[in-house]
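Student: Questions regarding the structure given below will be posed in turn.
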Amino acid sequence: MLKELVRLSNLVDHLKTTPAITDLSGTNLAITDLSGTNLAITDLSGTNLAITDLSGTNLAITDLSGTNLAITDLSGTNLAITDLSGTNLAITDLSGTNLAITC
């Protein structure tokens, strides 16, 4: 268990300094469990987390040129952002205002 916590801590440190999650060739990777199921990004209590910089500013999901990226499965089908019950979630700022997704 301690070994896994150390590995998780190292991953968190890595993610704080790495803008994209990629393999060594630079290919973007999905965040999945070992069966290939996409995972939510949550804290230890299960609360969904925003993707932010260290100052708390929400970040867009982009390629290295700054182009906004769609969230898709490996076949290219767009994926909904849902809670664990399957309910679609809005993308909002911290005040609850809906944010536009633009390209």
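FYI, the numbering for the sequence shown is 3 to 105, going by this note's numbering. For each residue, glycine too, the CB sits at the ideal point set by N, CA and C. Fair warning: this is a prediction, and the values are worked out from it, not measured in the lab.
Would you check if the distance between the CB atom of THR34 and the CB atom of LEU41 is smaller than 8 Å?
Tutor: Taking 8 Å as the Cβ cut-off, THR34 and LEU41 qualify as a contacting pair.
Student: Give the list of continuous beta strand (DSSP E) stretches no shorter than 3 residues that lie fully inside the region 33-60.
Tutor: Complete beta strand (DSSP E) runs here, min 3: none at all.
Student: When you compare only the Cα positions, how much space is there between THR84 and LEU4?
Tutor: The alpha-carbon atoms of THR84 and LEU4 are separated by roughly 31 Å.
Student: Alpha carbon to alpha carbon, how far is LEU13 from THR44?
Tutor: If I take the Cα positions, the gap works out to 14 Å.
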